[in-house]
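Engineer: One structure follows; several queries about it will come next.
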Amino acid sequence: MSGSALYNTFARAPLSFEHGEGSWLVTPGGQRFLDFAGGIAVNSLGHGHPHLVAALTEQAAKLWHVSNLYEIPDQSRLADRLAEATFADKVFFTNSGAEAIECAIKTARRYQYAGGHPERYRIITVEGAFHGRTLATIAAGGQPKYLEGFGPKVEGFDQIAYADLDKIEDLVSGETAAILIEPVQGEGGIRPVPSSTMRKLREICDRHGLLLILDEIQCGIGRTGKFFAHEWSGIEPDIMAIAKGIGGGFPMGACLATEEAASGMVPGIHGTTFGGNPLAMAVGNAVLDVVLEDGFLDDVQRKALLFKQGLASVIDEFPSVFEEVRGEGLMLGLKCRLQNTAVNAALRDHNLLTAPAGDNVVRLLPPLNVGDDEIRIALDAIRAAAAGLAEKAAGAA
Ligand SMILES: *Cc1c(COP(=O)(O)O)cnc(C)c1O
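Okay, structure coming up:
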């Protein structure tokens, strides 16, 4: 055997971390990196948040896991709190984002089936979307690079080009069950769907008896400065998948639905071994304690403005490196003129961790509780990296 025993599925940076402190990751050698990749929008409250550590360790001493054959009081409590704070009436907990989307797809299809429309199983999705890596979610995402070589694509997904979002109604047929969309595309390159389009999607769904499914796995849980990104547009979905930020680093997700949308999900029809177990629920409740605290999301919006303004001035300074800043709240993307992976590596050389995305974008996903001073440090790192890149590019030209 050559090399590592791990699957070769990841292109990893030659870097590992020994511990984390708030917005910082520290290597075994003591080198400190400002973490604005956040485990890809997972570490919503940074590393080692005392309230989350306490919730996890206290629960760990009491009870790790029981199956869903029994009542799990903290699971009911977290579901109640999510329902209270959102459009939803019903919640199903999962271990990951892809599973939350799987549950959303099944919920939508069962809704149509239970309503006497078994022929309505198709789901319209958007080009550039990312919904996970299971067989159904790669079909939903529709990206050829993720589908290649895995046999027949799971049936029942119709895709609209991102530029043609306004013409989505043309794709609705008598077999359509739902529309599935990310209010802000994450992997696709931090592309927010305009509020007017979100409202139009809601109208189209209402007009044709379709369910609107939102994928807020990356943009939810305060990431955009609202609890959920769709709140910016004033509309509500019928079903919503969440994950990433809700666990603050503990693997968990959930599918939220209105009572009506979930009406087909009757006993025995869906299940999970690990989903909603006591350890995950303790952490999920602890994350909500912080994110739903009075003023927390206002502060995210305030810091986001500070960051975005700073980024705009860095872009003005280095037009040969960056094209624009986009996104909402602390889900920001720098569209690059140079190769985004090279920019990402240069930022890492300046001890700032970011995450590349589609459309030649570098994602900036700091913890929601990032400090103003840390935003300034990040801006300095971006400026320094850009200066080096601009100089190198000018030398090469
Ligand atoms: C990360 C992500 C997923 C998949 O989540 P996993 O936990 O990796 O399965 C799905 N949709 C969006 C928008 C994501 O960002």
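Quick note on numbering: the sequence shown equals residues 1 to 397 in our numbering. Each residue gets a CB set at the ideal place from its N, CA and C atoms; glycine is no exception. Since the model is a prediction, treat every value here as computed from it, not as a measurement.
Considering only the alpha carbon of each residue, which of 49, 356, 376 and 194 lies closest to residue 283?
Structural biologist: 49
Engineer: Mind checking which residues open and close the alpha helix (DSSP H) that includes residue 205?
Structural biologist: 195-208
Engineer: CB of residue 328 to nearest heavy atom of ligand 1: below 7 Å?
Structural biologist: no
Engineer: Are the stretch 269-277 and the stretch 33-50 touching, with three or more C-beta to C-beta distances below 8 Å?
Structural biologist: For the pair of segments examined, the stretch 269-277 was found not to touch the stretch 33-50: the number of CB pairs separated by less than 8 Å stays below three.
Engineer: State whether the stretch 49-65 contacts the stretch 23-39, with contact taken as three or more CB pairs (one from each stretch) at a distance under 8 Å.
Structural biologist: no
Engineer: Would you mind stating whether residue 182 and residue 219 have Cβ atoms separated by less than 8 Å?
Structural biologist: yes
Engineer: Within 7 Å: the Cβ of residue 96 and any heavy atom of ligand 1?
Structural biologist: With a cut-off of 7 Å, the C-beta of residue 96 is classified as near ligand 1, since at least one heavy atom of the ligand falls inside that distance.
Engineer: Residue ranges of each beta strand (DSSP E) run of no fewer than 3 residues wholly in the stretch 41-112, ordered along the chain?
Structural biologist: 90-94
Engineer: For residue 271, count neighbouring Cβ atoms within 10 angstroms of its own Cβ and tell me buried if that reaches 16, exposed if not.
Structural biologist: Exposed, since its Cβ has fewer than 16 Cβ neighbours within 10 Å.
Engineer: Name the two residues that bound the continuous alpha helix (DSSP H) containing residue 460.
Structural biologist: Examination of residue 460 is not possible in this model, given that the chain is present from 1 through 397 alone.
Engineer: Would residue 156 and residue 120 be called neighbours here (beta carbons separated by less than 8 Å)?
Structural biologist: no
Engineer: Considering residue 243, what are the terminal residues of the alpha helix (DSSP H) in which it resides?
Structural biologist: It is not in any alpha helix (DSSP H) - residue 243 carries neither H nor E in the DSSP assignment.
Engineer: When DSSP labels each residue in this structure, what does residue 356 get in the three-state scheme?
Structural biologist: strand
Engineer: Just the C-alpha distance for residue 376 and residue 151, rounded to the nearest angstrom, thanks.
Structural biologist: Between residue 376 and residue 151, the C-alpha separation is close to 48 Å.
Engineer: Does DSSP classify residue 12 as helix, strand or coil?
Structural biologist: coil
Engineer: Quick check: is any heavy atom of ligand 1 less than 7 Å from the C-beta of residue 62?
Structural biologist: no
Engineer: Taking only the alpha-carbon atoms, compute the straight-line gap between residue 72 and residue 59 and give it to the nearest angstrom.
Structural biologist: 13 Å
Engineer: Given a threshold of 16 other Cβ atoms within 10 Å of its Cβ, counted over all protein chains shown, does residue 196 qualify as buried or as exposed?
Structural biologist: exposed
Engineer: So, for residue 91: in the same chain, excluding its five sequence neighbours on each side, which residues have a beta-carbon less than 6 Å away from its beta-carbon?
Structural biologist: 79, 82, 254 and 256
Engineer: Using the C-alpha atoms, what's the distance from residue 299 back to residue 369?
Structural biologist: Each residue's alpha carbon lies about 8 Å from the other.
Engineer: Cβ of residue 372 versus every heavy atom of ligand 1: is any distance shorter than 7 Å?
Structural biologist: no
Engineer: I need the DSSP call for residue 335, collapsed to helix, strand or coil.
Structural biologist: strand
Engineer: Verify the contact flag: residue 226, CB atom, against every heavy atom of ligand 1, threshold strictly below 7 Å.
Structural biologist: no
Engineer: Is residue 424 near ligand 1 - that is, is its Cβ less than 7 Å away from at least one heavy atom of it?
Structural biologist: The shown model of the chain, from 1 to 397, leaves out residue 424, and the question about it has no answer.
Engineer: Ordered along the chain, which non-local residues of its own chain (more than five positions away) have a Cβ less than 8 Å from that of residue 172?
Structural biologist: Within the same chain, residue 172 has close Cβ partners 124, 204, 208 and 210.
Engineer: Starting from the C-beta of residue 77, find all residues in its chain whose C-beta is less than 7 Å away, skip the five residues before and the five after it, and write them out in chain order.
Structural biologist: 285
Engineer: Given a cut-off of 8 Å on the beta-carbon distance, is the pair residue 217 and residue 104 in contact?
Structural biologist: no
Engineer: Would you mind stating whether residue 13 and residue 348 have Cβ atoms separated by less than 8 Å?
Structural biologist: yes
Engineer: Got a sec, what are the start and stop residues for the beta strand (DSSP E) residue 177 sits in?
Structural biologist: Under the DSSP assignment, residue 177 falls in the beta strand (DSSP E) whose first and last residues are 176-181.
Engineer: Below 8 Å on the Cβ atoms is my guess for residue 310 versus residue 346; work out the distance and round it to an integer in Å.
Structural biologist: That pair is no contact at about 18 Å.
Engineer: For the stretch 177-192 against the stretch 229-248, are there 3 or more C-beta pairs whose distance is under 8 Å?
Structural biologist: yes
Engineer: Which residue wins for smallest C-alpha separation from residue 30, given the options 18, 22 and 386?
Structural biologist: 18
Engineer: On the CB-based measure, 16 or more other CB atoms within 10 Å of its CB, does residue 132 come out buried or exposed?
Structural biologist: Its Cβ being crowded by 16 or more others within 10 Å, residue 132 is buried.
Engineer: Can you tell me where the beta strand (DSSP E) holding residue 215 begins and where it ends?
Structural biologist: 211-215
Engineer: Do you know whose CA, among 8, 6 and 23, lies nearest residue 372's CA?
Structural biologist: 23
Engineer: Return yes when at least one heavy atom of ligand 1 lies under 7 Å from the C-beta of residue 186, else no.
Structural biologist: yes
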